[in-house]
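Let me begin by presenting the structure, written as structure tokens, before commenting on it.
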Amino acid sequence: MSSNNRMEAAQTGWVGSSAAALNARLTAWLTTSQALLTMVGEHALSLHNDARDFAAMERANAEKLRAVAEYGNGPPAPLGIKP
1 MSSNNRMEAA QTGWVGSSAA ALNARLTAWL TTSQALLTMV GEHALSLHND
51 ARDFAAMERA NAEKLRAVAE YGNGPPAPLG IKP
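Going by full-length UniProt numbering, the residue at position 17 of the sequence shown is 17; the numbering climbs one at a time, nothing skipped.
Take a look at the structure:
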């Protein structure tokens, strides 16, 4: 991940206790960054699955409405014409 590479590149040139402190902070940031990326990916997958399920539900409901129009009241009126 690009942000991970930039964080790791920031370590160059640090020495002593500053390097140790930065390394500890970077470890925490990398863990947090990965957790956030995972959550965003899971959220995106959930949205995709919900959209797919909604589209399937809409197709099924449209078919049910067509059946009602076909068998209940005859064919539907053309668009723009009121029965």
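Beta carbons are placed, not taken as given, at the ideal position from N, Cα and C, and that holds for glycine. Keep in mind the model is a prediction, meaning the values are calculated, not measured.
Using the C-alpha atoms, what's the distance from leucine 65 back to glutamate 8?
-> Residue numbering aside, residue 8 sits at position 8 when the sequence shown is read from its first letter. Residue numbering aside, residue 65 sits at position 65 when the sequence shown is read from its first letter. Cα-Cα distance, rounded: 58 Å.
How many angstroms separate the CA atom of methionine 57 from the CA atom of alanine 44?
-> Against the sequence shown, residue 57 aligns to sequence position 57. Against the sequence shown, residue 44 aligns to sequence position 44. Going from the Cα of methionine 57 to the Cα of alanine 44 covers about 20 Å.
Nearest to arginine 6 by alpha carbon, out of Tyr71, Ser33, Ala20?
-> Position 6 of the sequence shown, counted from the start, is the residue given in the question as residue 6. Answer by Cα proximity: Ser33.
Rounded C-alpha distance that separates proline 78 from serine 2 | Here residue 78 corresponds to residue number 78 of the sequence shown, with the count starting at 1. Here residue 2 corresponds to residue number 2 of the sequence shown, with the count starting at 1. About 55 Å.
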